[in-house]
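For reference, each letter of the sequence shown is one residue, going 0 to 136 in numbering that gives the first Met the number 0.
Yeah, the Cβ is synthetic: ideal placement off N, Cα and C, and Gly gets one too.
Treat the numbers as computed from the prediction; the structure is a model and nothing was measured.
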Amino acid sequence: MTPRPATPAGTLVLDCEGLAKAVLRDRTVTRWLALASADDMQVITSSATLVEVVHPEINMPALKWTLSRVVVQPVTQAIAHRAGDLLRDAGLHGHKYAIDAMLAATALAAPGPVTVLTSDPSDLIALCGKRLTAVKV
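Okay, here's the thing in structure tokens:
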């Protein structure tokens, strides 16, 4: 049996990989989602992540079903400015890290503590430091 991940009250954020694995009903991500639900945690993603997750082989009905259980936060002007600040502060370029920065800004605007399920925790740590927990999925 896989150990149960600790989920504090707060917000669970799905990046592209977290969302893609939720669509595929990956066991680890499914367990995180179940624990978030049991703990009344908000589960969110960025609208920018929706663009990143779509590819020719994605199961669109499964994606739509998954999204019906996730709050999709818009990329507002305030989020865009915060993403730009995060990029600048981290010394990163928007060309490569734009979507990560928008997700990071969205996560930092959510009620904490915040946990992000991601394929690359190092990108989020570079952008956010210790202001959130990045978990590799």
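Relative to the alpha-carbon of residue i, which residue among the options has its alpha-carbon at the smallest distance?
{"i": "M59", "options": "L23, L13, G128, L107", "result": "L23"}
{"i": "D14", "options": "A103, L107, P110", "result": "A103"}
{"i": "A133", "options": "V50, C127, Q72, V115", "result": "V115"}
{"i": "V52", "options": "H80, V69, G17", "result": "G17"}
Can you list, in chain order, the residues of its chain with a C-beta nearer than 7 Å to that of residue i? Leave out the 5 residues immediately preceding and following it.
{"i": "V74", "result": "S45, S46, A47, M101"}
{"i": "K61", "result": "Per the sequence presented here, residue 61 reads as Ala, with Lys not at that position. For A61, where only same-chain residues beyond five positions count, the Cβ hits under 7 Å are V22."}
For the alpha helix (DSSP H) that residue i lies in, which residues bound it at each end?
{"i": "K20", "result": "15-22"}
{"i": "I57", "result": "Per DSSP, I57 belongs to no alpha helix (DSSP H) and is neither H nor E."}
{"i": "S36", "result": "26-37"}
{"i": "S45", "result": "No alpha helix (DSSP H) holds S45; the beta strand (DSSP E) holding it covers 41-45."}
Return helix, strand or coil for residue i, following the three-state DSSP convention.
{"i": "K63", "result": "helix"}
{"i": "K95", "result": "helix"}
{"i": "P73", "result": "coil"}
{"i": "L49", "result": "helix"}
Looking only at its chain, what residues have a beta carbon closer than 6 Å to the beta carbon of residue i, apart from the 5 residues adjacent to it on each side?
{"i": "K135", "result": "P120"}
{"i": "Q72", "result": "I43, S45, T105"}
Below 8 Å on the Cβ atoms is my guess for residue i versus residue j; work out the distance and round it to an integer in Å.
{"i": "Q41", "j": "A109", "result": "7 Å"}
{"i": "A106", "j": "V12", "result": "5 Å"}
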